[in-house]
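In the working numbering, the protein residues as written are 607 to 739.
The structure appears right after this line, and notes come after that.
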């Protein structure tokens, strides 16, 4: 849900109020989610990891997103798709969900949507594979 709402605002051009209404959240929550996604990790690190998981990903060329938040979402989608192509079983629908689910299942990491943000695990940042892969 978070990725869908943030994408609706940052990529789809929906207003924060409209996006909040579609998911019964407050506009403050939508703004907080967007800020959280924008600082979740470095876009280049996500692209590099996607290329490690699936080398064909390195040839994907996309136009520059209009905001850092949109760039992070796009990179998460690319990494999430690379994980699926690489054979990692995923039930999550969005790139953000897939990557966070992979982190949780493979490394036990859990990320909050409020203060106390953590970066991705060292295993993920170095291209480590989740357990059971």
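Where is the CB? At the ideal position from N, CA and C, for every residue including glycine.
Being a predicted model, the structure only gives us computed values, none of them experimental.
Minimum Cα-Cα distance from residue 613 among the listed residues 656, 674 and 691 corresponds to 674. Taking C-beta separations shorter than 6 Å and ignoring five residues to either side along the sequence, the partners of residue 611 in its chain run 625, 629 and 636, following chain order.
Of 692, 672 and 647, the smallest CA-CA separation from residue 663 is found for 692. Take the alpha-carbon of residue 618 and the one of residue 711: they are about 30 Å apart.
Minimum Cα-Cα distance from residue 678 among the listed residues 686, 623, 607 and 647 corresponds to 647. Assigned with DSSP and collapsed to three states, residue 634 falls in helix. Taking C-beta atoms as the reference points, residue 681 and residue 652 count as a pair closer than 8 Å.
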